[in-house]
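Student: Handing you this structure, nothing more for now.
Residue numbers (UniProt numbering): 1 to 898.
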């Protein structure tokens, strides 16, 4: 069989087109075989293939790329490659005429969120035919609704002569891609005119013809037993963009009558039912990865995962497991379950200790047989690459009583030589870790069932990918070369935290990650696709640059963007600021500063923590010259005066005008938010003006192009790693280049009316939100709608008058009726997704919502030791049968056109 590939693509001197045929090696890994193409004019490119790879006997998947001297300059959208089916015809040769497929504006229509959840249709092979000469037409029509099918009609009698009654049905051969084989011998003349029409299964809906002029196609000259394949431009129809409503709730916050004191994967299925019952189409959750390092409540922080693959054992649904054979054990656990489930908040430690104890008993009872099953063996084979080191890590963590593997007496890094004994069921090593294999098997099985349940209900399950990992976690232990352990990831000061956020995560060694095309991230995203059809990239700014804080710091003020273009002293002086390196880069501590900060305690501070430098200038003693040393000195001192003194000393450490670059000591960065500190106050007014120009140029202009190219090295690989719908959290100090990249890659932005991206307005204009966006009023990091309403009365009053268009004073507290008005306005926005927290949905009903609004808060970002323990105060079963509330939600969704 000969395959002739043809494509028109205008190149310039030095560029050539390459055809890439994609095959699967049987292990879930894709490989490409490249074929150089030929041209005589730089526009029309072709190549002939007479021997295909063995894996391509029934179909060929391929894409084109532009190559310069062996380096790919650009390529087609690989998430939805060309596909040529070979099984339907007996042709000895195929002549294929393709269109270059760039990432389309409506790329979201091809994601699994749409094709598997919202518009699920069966993909079929083209019917077999024995035409001697065949013309195959292929077209993409992603706009079609789930009940619509595509037909072809044209001017030729064989094409129905423009009569829909004789139109030819097409076959969906790939997601949103339709094809039909025509018998060239039946077509008359040299040209045909055709159009595509969308036919609805419900005969009451009128057929919808594609927009634009008729398509005029020249009939090809094809020999006997040959086929010609035309890939045509996308078919467009007068169909409006669909919008969908959804709910945000952490899995741990779910509550049913069967819960064990915390939400689990069984409760997740119940919540999916509620979402579908109220005509919503999206359920968003927080990260579900294992975060266990200390077995205490501090592990409740879901964004500090110890494994990007392992799921948290607290989410196992004990109700879906075999019963314990001991009646005494069953009764004891049932009594404990009822006690824990009655609590208003999660008791993290008791819940996890109880579930672990239950799972160990079940492992003793059922584990041996369960791990002999074909299902477990398949799971182990698929997941062994991460599961084996994870299980060993958990065993050693518990054995040595700490997750800090640098403190272990041995096994300080993962040893690949241990994989074989840990994978052989007869060894001692295997038996020591088998419990962790067993637990992850249960979790993976249950979460996959929840995912399948969501798809069956037409609900998009949306996950969350944290930007960081725990520095003492399994990922760092296993592959330390991917991480920089001498820095901490965080965020610069913002509305959440005036001193910035220090998450404590190691920063990524992107140079190392890019060497293998971000394989670590690709594996992470592909693993997530087993459970979700959409995901939120937490802190997407981290792929442009991360706020890197020295390990010696507690807060985030002494951080710097990494990577970024630091400034030389010559550049700084070129602005007109004389650069005094010593004065600008070391803490500014003078007598007047100490008097202002510590008042009558200034003398005590000098005597205990400082030593004179010169004149009235002081410096911190060596034992107190970093925030970590100060933190250690005040450990265990919890009086208010101690905390006040400690925070004052922290502020002294960070009172510098410039931060030295961590990689190049000759470069400097203006210290973030330094305009609020004493070192800035001490400048002459003319120097303040110059510094502010330096500051604004550095933070808002200098790095834009640099960060754009940094992001484009990483994000395209990750966005195309799966077919999940990609959403991003792009709040905070957002450089202009973020919008460029997100638009180019068709990533949905996050829009929050109370945090507008336009600095000229106080509240965002809902009607101006882009379609490719997720709209919400409050996230898990923010106050709920009710809290926000009472947090700042002056701000609320302005919102009440200018956004809700209501006169008079704003009422406090927020009534259910007014909350419904606000929620409905959010739903009316143009955003594709409007996802509201369960607390904000419940705020619309005075009878249902929690009396204490402050008890609804999930997280307080300014507090690094926040206890994540919020639970719904209502059972999902009771919520499902609350007819007035469910009807109200459905009514709001319907009114908004979602």
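Ideal Cβ positions, reconstructed from N, Cα and C, are used throughout, including at glycine. Given the structure is predicted, the values throughout are model-derived calculations rather than measurements.
Hey, residue 726 and residue 535: beta-carbon distance below 8 angstroms or not?
Tutor: A contact, by the Cβ cut-off of 8 angstroms.
Student: Grouping DSSP H, G and I as helix and E and B as strand, with all else coil, what is residue 668?
Tutor: Strand at residue 668.
Student: Here's the rule: buried if 16 or more other CB atoms are within 10 angstroms of the residue's CB, otherwise exposed. What is residue 169?
Tutor: That one is exposed.
Student: Could you tell me which of 271, 532, 148 sits nearest to residue 452, measuring between CA atoms?
Tutor: The shortest C-alpha separation from residue 452 is found at 532.
Student: Mind checking which residues open and close the alpha helix (DSSP H) that includes residue 889?
Tutor: Start and end: 883-895.
Student: Helix, strand or coil: how does DSSP classify residue 78 here?
Tutor: In this structure, residue 78 counts as coil in the three-state DSSP scheme.
Student: My assumption, with CB atoms under 8 angstroms, is that residue 144 sits in contact with residue 150. Please give the rounded CB distance.
Tutor: Contact holds; Cβ gap of about 7 angstroms.
Student: Using a Cβ-Cβ cut-off of 6 angstroms (strictly less than) and excluding sequence neighbours within five positions of residue 677, which residues of its own chain qualify?
Tutor: Result list for residue 677: 655, in chain order.
Student: Who are the near neighbours of residue 790 in its chain, counting only those whose CB is closer than 8 angstroms to its CB and skipping five residues on each side?
Tutor: The residues are 796, 812, 813, 814, 853.
Student: Any chance you could list the beta strand (DSSP E) runs of at least 3 consecutive residues sitting entirely within the stretch 444-511, in chain order?
Tutor: Listed in chain order, the complete beta strand (DSSP E) runs (minimum 3 residues) inside the stretch 444-511 are 460-465, 483-491, 501-508.
Student: Taking one C-beta from the stretch 465-484 and one from the stretch 127-142 each time, how about it: are there three or more such pairs within less than 8 angstroms?
Tutor: No contact exists between the stretch 465-484 and the stretch 127-142.
Student: State the Cα-Cα distance for the pair residue 86 and residue 313, rounded to the nearest angstrom.
Tutor: Straight-line Cα distance between these residues: approximately 46 angstroms.
Student: Using 8 angstroms as the threshold, is the stretch 454-466 in touch with the stretch 109-126, meaning 3 or more CB pairs across them?
Tutor: Segments in contact, yes.
Student: Cα-Cα, which of 476, 342, 100 is closest to residue 404?
Tutor: Looking at the Cα atoms, 476 is the closest of the given residues.
Student: Mind checking whether residue 737 and residue 708 have CB atoms under 8 angstroms apart?
Tutor: The answer is yes: Cβ separation under 8 angstroms.
Student: Who are the near neighbours of residue 42 in its chain, counting only those whose CB is closer than 6 angstroms to its CB and skipping five residues on each side?
Tutor: Cβ neighbours of residue 42 beyond the five flanking positions: 11.
Student: Under three-state DSSP, which class holds residue 266?
Tutor: If DSSP states are grouped into helix, strand and coil, residue 266 belongs with the helices.
Student: Report buried or exposed for residue 233, applying the criterion of at least 16 other Cβ atoms within 10 angstroms of its Cβ.
Tutor: Residue 233 comes out exposed.
Student: Please classify residue 80 as buried or exposed, where buried requires at least 16 other C-beta atoms within 10 Å of its C-beta.
Tutor: Buried.
Student: Compute the distance between the beta-carbons of residue 548 and residue 487, then report whether it is under 8 angstroms.
Tutor: Yes, Cβ-Cβ distance for residue 548 and residue 487 is below 8 angstroms.
Student: Can you name the start and end residues of the alpha helix (DSSP H) that residue 67 belongs to?
Tutor: Counting along the chain, residue 67 falls outside any alpha helix (DSSP H), though it belongs to the beta strand (DSSP E) covering 59-68.
Student: Classify residue 483: buried if its beta carbon has 16 or more other beta carbons within 10 angstroms, exposed otherwise.
Tutor: Flag for residue 483 reads buried.
Student: On the CB-based measure, 16 or more other CB atoms within 10 Å of its CB, does residue 213 come out buried or exposed?
Tutor: Flag for residue 213 reads exposed.
Student: Is DSSP giving residue 599 helix, strand or coil here?
Tutor: It is helical.
Student: When the distance is taken between beta carbons, is residue 823 closer than 8 angstroms to residue 804?
Tutor: No, they are not a contact pair.
Student: Between which two residues does the beta strand (DSSP E) harbouring residue 95 extend?
Tutor: Run containing residue 95: 93-98, per the beta strand (DSSP E) assignment.
Student: Cα-Cα, which of 390, 877, 99 is closest to residue 307?
Tutor: The residue with the shortest Cα to Cα distance from residue 307 is 390.
Student: Where does residue 612 land, buried or exposed, given buried means 16+ other C-beta within 10 angstroms?
Tutor: Answer is exposed; the Cβ neighbour count stays below 16.
Student: Going by DSSP, which residues form a beta bridge with residue 180?
Tutor: Answer by DSSP bridge pairing, in chain order: 137.
Student: Tell me whether residue 23 sits in a helix, a strand or coil according to DSSP, three-state version.
Tutor: Reduced to three states, the DSSP call for residue 23 is strand.
Student: Can you give the beta carbon distance from residue 175 to residue 103, rounded, assuming they're within the 8 angstroms contact cut?
Tutor: Not quite, the Cβ-Cβ distance comes to about 15 angstroms (not below 8 angstroms), so this is no contact.
Student: Please classify residue 575 as buried or exposed, where buried requires at least 16 other C-beta atoms within 10 Å of its C-beta.
Tutor: By the 10 Å Cβ count, residue 575 comes out exposed.
Student: Which of the three DSSP states, helix, strand or coil, is assigned to residue 838?
Tutor: Here residue 838 sits in helix by DSSP.
Student: Give the straight-line distance between the Cα atoms of residue 550 and residue 661, rounded to the nearest whole angstrom.
Tutor: Going from the Cα of residue 550 to the Cα of residue 661 covers about 11 angstroms.
Student: Kindly give me the distance between the Cβ atoms of residue 345 and residue 870, rounded to whole angstroms, as I take these residues to be in contact under 8 angstroms.
Tutor: The Cβ separation is near 7 angstroms, so the contact holds.
Student: Kindly indicate which three-state DSSP category residue 629 falls into: helix, strand or coil?
Tutor: DSSP places residue 629 in helix when its eight states are reduced to three.
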